[in-house]
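For reference, the structure discussed in these notes is given below.
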Amino acid sequence: MRIVPLALAAAALPALWPAEAAAAPAVHVGVGTSVVRYNTALVPEGATARAFTASATGTLTALSVRGLLPGREYGAHVHTKPCGASPSDSGPHYQHVPDPVQPSADPAYANPSNEIWLDFTTTANGSGFAVSHVDWTYGDRLPGSVVIHETHTHTDPGHAGTAGGRLACLNLEFGPPGR
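Residues -23 to -1, 1 to 156 in mature numbering (1 follows the signal peptide of the UniProt record, and there is no 0) are what the sequence shown spells out, letter by letter.
Below, the structure written as structure tokens:
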């Protein structure tokens, strides 16, 4: 396995997608680097994270973290709203087909095909990386953030999509379509 810096991977994405993706009129690219920390015990001072999401013929999202607790499982998801002072400000998980019942815990809606799940386990030095690819695009409804949660994501009915408390958040900044 070859580790590639996130910025380099982002620059290479157009070459990895089909030619029609580069010409698609609704290509959205979002980047998040500024971390809002809600839990300093599980996301210590100095921890960093970067998120990248690109939506063209599908949606590819990557999350890279450093300085978290070593050897620990974390969950992460794309959320509908930007980060705020309160962990709940980022809203629910972004769902391609929104569940009419919120918060969503129905596996028909809260699943890695309808949401963007970025669960990871940190290495011995507290670093982690996750990638998600889904077949759908954001269209006109862009997400606001990536939230890091305290556990890997649950899949059982009644708990599907849940991953414990919100530990940290990264705002996604989108450029103009076709950037």
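Each residue gets a CB set at the ideal place from its N, CA and C atoms; glycine is no exception.
Check the C-beta distance from residue i over to residue j and give it rounded, since I have them as a contact under 8 Å.
i           : j      : result
residue 157 : THR99  : For residue 157 there is no data in the structure shown, the boundaries of the chain being -23 and 156.
SER65       : PRO59  : About 12 Å; that fails the 8 Å criterion.
SER32       : TYR115 : 4 Å
SER109      : TRP94  : 6 Å
PRO84       : THR139 : So it is not a contact: roughly 11 Å between Cβ atoms.
ASN16       : GLY142 : 7 Å
VAL6        : GLY152 : 6 Å
Does the Cβ of residue i have 16 or more other Cβ atoms within 10 Å, making it buried, or fewer, making it exposed?
i       : result
ALA(-5) : Here ALA(-5) scores only 43 on pLDDT, less than 50, and its place in the model should not be relied on; the value that follows carries that caveat. It counts as exposed.
PRO120  : buried
VAL74   : exposed
GLY9    : buried
SER63   : exposed
Give me whichever residues DSSP pairs with residue i in a beta bridge.
i      : result
CYS146 : VAL13 and VAL124
GLU92  : GLN72
LEU37  : ALA31 and HIS110
Determine, using beta carbons only, whether residue i and residue j come nearer to each other than 8 Å.
i           : j      : result
ASP96       : GLY52  : yes
GLY12       : THR38  : Note that residue 12 is Val in the sequence shown, not Gly. No; because the gap between Cβ atoms is not below 8 Å, this pair is not in contact.
PRO77       : GLY44  : no
residue 159 : LEU144 : Nothing can be reported for residue 159: it is not among the residues displayed for the chain, which extend from -23 to 156.
SER81       : PRO89  : no
residue 227 : GLN79  : Lying outside -23 to 156, the shown extent of the chain, residue 227 is not represented and no answer is given.
LEU40       : ALA26  : yes
Any chance you could list the beta strand (DSSP E) runs of at least 3 consecutive residues sitting entirely within the stretch 41 to 85, in chain order? Correct list: 50 to 56.
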